[in-house]
Amino acid sequence: MPIALKFGAIDIGSNAVRLLITNVFETPEGPLFRKSELIRLPVRLGEDVFSIGHITPDKAQKLVDTMLAFKLLLGVHGVVGYRACATSAMRNATNSEEIVERVADLTGIDIEVIHGRTEADIIFSNHVEEQLHKDRSYLYIDVGGGSTELTLFSDNRPVASRSFRIGTIRLLQGKVEPEYWERLFGWLKEQTESVGKLDGIGSGGNINKIYKIISPRKGGPITYGRLQKLYTALSAMTYEERVMGMGLNLDRADVIIPATEIFLKVMKAANIKDVIVPQFGLSDGMTRLLYEAYREAHGKV
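In structure tokens form, the structure reads like this:
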């Protein structure tokens, strides 16, 4: 039986908290990453933070319970390393330091509250550039519950990146002010006016689900037209119809509409016709960085 190194990545988002367990097989051609288990819990920290500015005791306890469960699972899987990163909701919460300390005391898990640029850098460690054509420019679009991260790739390298306080939970709560969109559109205009044809790269749980719903040919992109049709269809459905008819999870059936809206607005503003969906995210990037750190520590890079 092949020997695998196991790593755990905990992504504490504004909508859900995820634990990804990955097996890494070392082959003569290089490391082979295979997802072993993914657990996703709809804690929705953003519901508190984007409405009242802090995490309530109830949500804090749910996070602690989740981290306790994840710590046990990390032990059962026998991971050689793990990392926990929190994004928009935690970095905007006034009591995030208190929550981080409480989780560390009760579970032993140290949570890193990362900035938008750090979040983008971790995602880029998935080596997205390997999937790009060197003669094209790309806009990387990562839509979360609390923020949207945009990065422009040109000449096969990232040349500009910015995080915007526009996310699915914020939109559901009516917490995205018009000036937030103006900043995003202004940045896009400034960064893309000298760029030729621009393609998109989509990241996040919602675009992955949208990709499965639309089902383009294997490896093919999602077109703006098909995304617009899906948005119209989803918007015409009730919440119950999206759950029962579309088979969406309870915590996905509401946020998928604002997520689609964000992608459509970004694509239109940047004149993007197609979005590639490589189906990786923050937790995948954490895993790659964990493996690289492990190998460096053990004398092999």
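When you line the sequence shown up against the numbering used here, it's residues 26 to 326, in that order. Using N, Cα and C, we set each Cβ at its ideal position, and we do this for glycine too. What you are looking at is a predicted structure, and each value in this text was computed from that prediction instead of being measured.
With respect to the alpha helix (DSSP H) encompassing G71, which residues constitute its N-terminal and C-terminal limits?
L70 to I77
Going by beta-carbon coordinates alone, are G192 and S172 separated by less than 8 Å?
yes
Residue burial classification, L275 (beta-carbon count within 10 angstroms, cutoff 16):
exposed
Bounding residues of the beta strand (DSSP E) (the contiguous stretch that carries I136):
I136 to V138
Bounding residues of the beta strand (DSSP E) (the contiguous stretch that carries T47):
V42 to T52
Given that a residue counts as buried once 16 or more other Cβ atoms are within 10 Å of its Cβ, and exposed if not, what is A261?
exposed
Would you tell me roughly how many angstroms separate the C-alpha atoms of E72 and I28, rounded to the nearest one?
42 Å
Rounded C-alpha distance that separates V302 from G141
20 Å
Where T143 falls: helix, strand or coil (DSSP):
helix
For the alpha helix (DSSP H) containing A305, list its first residue and its last residue.
A small correction: the amino acid at residue 305 is Phe; Ala does not occupy that position in the sequence shown. Note, F305: premise wrong, no alpha helix (DSSP H); not H, not E.
Would you grab the beta carbon distance between A34 and V168 for me? Rounded to a whole angstrom, and I think it's under 8 Å.
Incorrect: roughly 19 Å between the Cβ atoms, too far for contact.
Who are V268's beta bridge partners in DSSP?
Answer is none; V268 lacks a bridge partner.
Output the distance between the C-alpha atoms of S308 and I77, rounded to the nearest integer angstrom.
28 Å
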